[in-house]
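*Asks:* The following block contains the structure, expressed as structure tokens.
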Amino acid sequence: MAVPEFLQTAELLKQGAEARVYRAEFLGKPAIVKERFPKRYRHPTLDEKLTHRRTTQEVRSILRCRRAGICAPVVYFVDYTSHCIFLEEIIGSSTVRDHIASAQQSDSGTEQKLQQLAERVGQILARMHDEDVIHGDLTTSNMLLRHSQKDGEPELVLIDFGLSYISALPEDKGVDLYVLEKAFLSTHPNTEALFEKLLKSYAASSKKSSAVIKKLDEVRLRGRKRSMVG
Amino acid sequence: MNLTQDLELFPGHRVTQMLFKEVKNAAELRQSAVEGKISGALINPTMLVDPLQVLVAANKAVHLQTIGKMKTRSLYSEIIFNLSPTNNISEAFKRFGISDGDESVMVVVVHKKDEVQLLSDVTARVDGRQVPAEDVSSLSDSAKIKKLYKVAPQEDKCGTLLDAVICRMATKDVM
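So the protein sequences, as listed, match chains A and B. Heads up: the first sequence runs through residues 1 to 230, numbered per full-length UniProt numbering. Heads up: the second sequence runs through residues 1 to 175, numbered per full-length UniProt numbering.
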């Protein structure tokens, strides 16, 4: 088994409940490796099946987004035996989370910049939902701003499609936005107006947005989980 | 001229790429490759965007060989197959392998560090002029590549043609 030995020499960046993320050189390029490790608390057969499905879903969603012109990391290699995905490292990037936080610190003249950013996020999410990709874990930490050398405008790159799936249901898209709203407003205090801007731009860019926004209002009242009573 | 890269996942294994122009014996080379007499993959360079594309295919081939899950009969045919966006083996050979009249050839060899003899064995067989492997980009036929990999115009927004091609190669088994 080559990959587990390789990961022992790689730099561990983060460990979550689902996977470990490493930084390493792959084929001479800076790369990020996402390893879904076995969960001992699950039945081995079920664990294997779930892990395999999430790995394939993740690469499928990334490709689907890229095909639609939405920036997401390039997939270099997938190992379905050790459940590792080798991805392009997004060089020279910062998270939208850090960007908003630092913009809020420096109070002068950043308001308009933030509004533009919120509008761009709304547009990109609209495009993603129009492709029927549900991200599943939208937070401002899972959006990167890549500062390219060419022009001043940084590119928005979506990452971590680990919980993503394909669905055309307004319900699923509504929940996707609801998850973002919760995460957004709790990580960034006093940004209700900013998030409102994001939703407005989402509604204006997506062809199917009215059903989604209607569902979002419903989800807000009941929470993320559907009530199974009655 | 040769471009060599270690496969980080398989310590000891490395991939060397050698590009030839003005090749006069393509038919003979192809025949020897079919008979398995050449220890190398012979690739049509007009279908290559960048040497990284070959590395991705070679790494995947060595991986599949290690776990015993190759789709084709040899490591070198597997490299050619991995370049293709489809799961059709003969189609892959037709598009990415060399044809009898070709004038340029990319030769790819997977070898151990001390197996330099393998490389000179292959170069001796090619009747052509070797150029730096990095020059492959100047030979690539982007229009044909875009069509074969079905790269849409809007994908320009999120990266290069190389990015689009590599993504498809890496994920073709689950599409």
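From the three backbone atoms N, C-alpha and C, an ideal C-beta is built for every residue, glycine too. Just so it is clear, the structure is predicted and the values come from calculations on it, not from any experiment.
#1: What residues in its chain sit with their C-beta under 8 Å from that of E11/A, if we drop five residues either side in the sequence?
#2: Contact between the segment 121 to 129 of chain A and the segment 206 to 216 of chain A is defined here as three or more beta-carbon pairs at a separation below 8 Å; is this criterion met?
#3: With DSSP run on the structure shown, which of helix, strand or coil describes S74/B?
#4: For the segment 42 to 64 of chain A, which residues have a CB atom closer than 8 Å to at least one CB atom of chain B, in sequence order?
#5: Out of Q115/A, Y165/A, E218/A and L63/A, point me to the one whose CA is closest to E192/A's CA.
#6: Starting from the beta carbon of A211/A, find every residue of chain B whose beta carbon is closer than 7 Å, and list them in chain order.
#7: Tell me the residue span of the alpha helix (DSSP H) that contains T45/A.
#8: Write down the C-beta distance between G40/B and V109/B rounded to the nearest angstrom, noting that I regard them as a contact closer than 8 Å.
#9: At least one CB of chain B closer than 7 Å to the CB of Y76/A: is that the case?
#10: Between which two residues does the beta strand (DSSP E) holding A72/A run?
#11: Would the beta-carbon of Y178/A fall within 7 Å of that of V219/A?
#12: Judging by CA-CA distance, which residue of V121/A, S141/A, H52/A and T45/A is the nearest neighbour of Y80/A?
#13: Taking 8 Å as the limit between beta carbons, can you name the residues of its chain near S99/B, skipping five residues before and five after?
#14: Is any heavy atom in the ligand GTP found nearer than 6 Å to the beta carbon of I38/B?
#15: With a threshold of 8 Å, are at least 3 pairs of Cβ atoms found where one atom belongs to the segment 48 to 61 of chain B and the other to the segment 155 to 166 of chain B?
#16: Note down the Cα distance separating E196/A from K146/B, rounded to an integer number of angstroms.
#17: In angstroms, rounded to a whole number, what distance separates the CA positions of residue 238/A and C84/A?
#18: Would you check if the distance between the CB atom of F10/B and the CB atom of A31/A is smaller than 7 Å?
#19: Cβ atoms of S164/A and G122/A: under 7 Å apart, would you say?
#20: If you count every other CB in all the chains shown that lies within 10 Å of the CB of G16/A, and 16 or more means buried, which is it?
#21: What did DSSP end up calling G97/B once you bin it into helix, strand or coil?
#22: Can you list the residues of chain A that T171/B reaches, using a CB-CB cut of under 9 Å?
#23: With 16 as the cutoff for other CB atoms within 10 Å, does E134/B come out buried or exposed?
#24: Would you mind telling me which residues of chain A sit closer than 7 Å to residue 179/B, beta carbon to beta carbon, in chain order?
#25: I'd like to confirm the pairing. Which residues does DSSP put opposite C84/A in its beta bridges?
#26: Going by DSSP, which residues form a beta bridge with A26/B?
#27: For A57/B, which option in K94/B, K69/B and F81/B has the closest C-alpha, if you only look at C-alpha atoms?
#28: Which ranges does the beta strand (DSSP E) cover as unbroken runs of at least 3 residues, wholly within the segment 8 to 35 of chain A, from first to last along the chain?
#29: In three-state DSSP terms, what is L202/A?
#30: Output the distance between the C-alpha atoms of S82/A and G28/A, rounded to the nearest integer angstrom.
#31: Under 9 Å Cβ-Cβ, which residues of chain B neighbour G92/A?
#32: Would you mind stating whether L78/B and G69/A have Cβ atoms separated by less than 7 Å?
#33: To be precise: take each residue of the segment 40 to 63 of chain B, compare its Cβ to all Cβ atoms of chain A, and keep it if any distance is under 7 Å. Which residues remain?
#34: So with CB distances below 7 Å, who are the chain C contacts of G28/A?
#35: Check F6/A in the structure and name its three-state DSSP category.
#36: If you reduce the DSSP assignment to three classes, tell me which class E155/A lands in.
*Replies:* Taking the definition as stated:
#1: As a working mapping, residue 11/A is identified with position 11 in the first sequence. Y22, R23 and A24.
#2: At 8 Å Cβ cutoff, the stretches touch.
#3: In the second sequence, counting from the first residue as 1, residue 74/B sits at position 74. Three-state DSSP puts S74/B in coil, outside helix and strand.
#4: Flagged, chain order: T56, V59, R60, I62 and L63.
#5: As a working mapping, residue 192/A is identified with position 192 in the first sequence. Q115/A is the residue among Q115/A, Y165/A, E218/A and L63/A whose C-alpha sits nearest the C-alpha of E192/A.
#6: Counting from 1 along the first sequence, the entry for residue 211/A is found at position 211. None at all; the shortest Cβ gap to chain B is about 24 Å.
#7: One-based indexing of the first sequence puts residue 45/A at position 45. First-last of the alpha helix (DSSP H) with T45/A: P44 to R67.
#8: For the purposes of this step, residue 40/B is identified with residue 40 of the second sequence, where counting begins at 1. For the purposes of this step, residue 109/B is identified with residue 109 of the second sequence, where counting begins at 1. Between V109/B and G40/B the Cβ distance is about 4 Å, and since that is below 8 Å, they are a contact.
#9: For the purposes of this step, residue 76/A is taken as the residue at position 76 of the first sequence. Any Cβ of chain B closer than 7 Å to the Cβ of Y76/A would place that residue at the interface, and such an atom is present.
#10: As a working mapping, residue 72/A is identified with position 72 in the first sequence. No beta strand (DSSP E) holds A72/A; DSSP gives it neither H nor E.
#11: Within the first sequence, the letter at position 178 stands for residue 178/A. Within the first sequence, the letter at position 219 stands for residue 219/A. Going by C-beta atoms, Y178/A is nearer than 7 Å to V219/A.
#12: Along the first sequence, read from residue 1 onward, the residue named residue 80/A stands at position 80. Cα-wise, what sits closest to Y80/A is H52/A.
#13: Translated into the one-based positions of the second sequence, residue 99/B becomes position 99. Contacts found: A26, R30 and N44.
#14: You won't find the ligand GTP in this model; it holds no ligand whatsoever.
#15: Verdict: yes, contact present.
#16: If you number the first sequence from 1, residue 196/A lands on position 196. If you number the second sequence from 1, residue 146/B lands on position 146. Cα to Cα, E196/A sits roughly 40 Å from K146/B.
#17: Look at the range of chain A in this structure, 1 to 230, and you will see that residue 238/A is not part of it.
#18: Within the second sequence, numbered from 1, the residue matching residue 10/B stands at position 10. Within the first sequence, numbered from 1, the residue matching residue 31/A stands at position 31. No, they are not a contact pair.
#19: Within the first sequence, the letter at position 122 stands for residue 122/A. Within the first sequence, the letter at position 164 stands for residue 164/A. Not closer than 7 Å, so no.
#20: Here residue 16/A is taken as the residue at index 16 of the first sequence, counted from 1. Counting Cβ neighbours within 10 Å, G16/A comes out exposed, since fewer than 16 surround it.
#21: Stepping through the second sequence from its first residue, residue 97/B is reached at position 97. Look at G97/B here: in three-state DSSP terms it is strand.
#22: What you label residue 171/B is simply residue 171 of the second sequence in a count that begins at 1. Correct list: T56, V59, R60, I62, L63, V75 and V78.
#23: On the second sequence, position 134 is the one that residue 134/B refers to. By the C-beta density criterion, E134/B is exposed, having fewer than 16 other C-beta atoms within 10 angstroms.
#24: Given that chain B is displayed from residue 1 to residue 175, the structure contains no residue 179/B and the question cannot be resolved.
#25: By 1-based counting over the first sequence, the position of residue 84/A is 84. Beta-bridge pairing links C84/A to E35/A and D79/A.
#26: Indexing the second sequence from 1 puts residue 26/B at position 26. Paired residue(s): none; A26/B is not in a bridge.
#27: Position 57 of the second sequence holds residue 57/B. The shortest C-alpha separation from A57/B is found at F81/B.
#28: Runs of the beta strand (DSSP E) inside the segment 8 to 35 of chain A: 11 to 15, 20 to 26 and 29 to 35.
#29: As a first step, residue 202/A must be located in the first sequence, where it is residue number 202. In the sequence as presented, Leu is not what sits at residue 202/A; that position holds Tyr. DSSP places Y202/A in helix when its eight states are reduced to three.
#30: Here residue 82/A corresponds to residue number 82 of the first sequence, with the count starting at 1. Here residue 28/A corresponds to residue number 28 of the first sequence, with the count starting at 1. Going from the Cα of S82/A to the Cα of G28/A covers about 21 Å.
#31: Numbered from 1 along the first sequence, position 92 holds the residue referred to as residue 92/A. The contact set of G92/A on chain B, defined by CB atoms closer than 9 Å, is empty, because the minimum CB distance reaches about 15 Å.
#32: Working through the second sequence from its first residue, we reach residue 78/B at position 78. Working through the first sequence from its first residue, we reach residue 69/A at position 69. A small fix is needed here, since residue 78/B is Glu in this sequence, not Leu. Result no, Cβ atoms of E78/B and G69/A do not sit closer than 7 Å.
#33: When C-beta distances to chain A are compared with 7 Å, the residues of the segment 40 to 63 of chain B below that value are L52, L55, V56, N59, K60 and H63, in chain order.
#34: Of the protein chains in this structure, namely A and B, none is chain C.
#35: In the first sequence, counting from the first residue as 1, residue 6/A sits at position 6. Looking at F6/A - three-state DSSP - the assignment turns out to be helix.
#36: For this step, residue 155/A is matched to residue 155 along the first sequence. Here E155/A carries a strand assignment [DSSP, helix/strand/coil].
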